[in-house]
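First residue of the sequence shown: -7, per this note's numbering; consecutive thereafter.
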Amino acid sequence: MQSVVRHDQAGWQQTAAIVDIGLGGARVLVDNALAPGDDLSLSFTAPTLWDPLVLRARVAWVASGAASSTGPRAAGVAFEHRSTDAVFALYELIVTLGYE
């Protein structure tokens, strides 16, 4: 699954692979540097929505050794849900992906 990840503080945006996703957060693979505590937004195209689902998230962890890696860096993000509608939309997205 793909998402557009935006880091406003650092001024970058990129398409990133989402390896795992749940209602509480996701594991993302990005090419740019991240640090625990960074604020991000993740934008998903969902088959049940007209517009992309945009979720705010905070980096919870970054894989050790990721800073020296030349490939994508793995990071865990915790979603910061701001509405029940967004949580329900995320749930519907997860259901369409076949996650349990």
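Just so you know, even glycine gets a beta-carbon here, dropped at the ideal spot from N, CA and C.
Under the 10 Å beta carbon count, Phe80 is surrounded by fewer than 16 other beta carbons and is classified as exposed.
Checking the DSSP bridge columns, you'll see Leu47 partnered with Leu34. Of the candidates Arg(-2), Ser33, Trp42 and Val51, the residue whose Cα lies closest to the Cα of Arg74 is Ser33.
Less than 8 angstroms separates the beta-carbon of Val69 from that of Ala18. Apart from the 5 residues on each side of it in sequence, His(-1) sits with its Cβ closer than 6 angstroms to the Cβ of Leu32 in its chain, given in chain order. With respect to the C-alpha of Ser(-5), the residue from Gln6, Ala25 and Gly63 having the closest C-alpha is Gln6. Secondary structure note for Ala78: its alpha helix (DSSP H) is the uninterrupted segment Thr76 to Leu89. DSSP places Gly29 outside both helix and strand once states are collapsed to three, so it counts as coil.
In this structure, the alpha-carbon of Val54 lies about 30 angstroms from that of Leu41.
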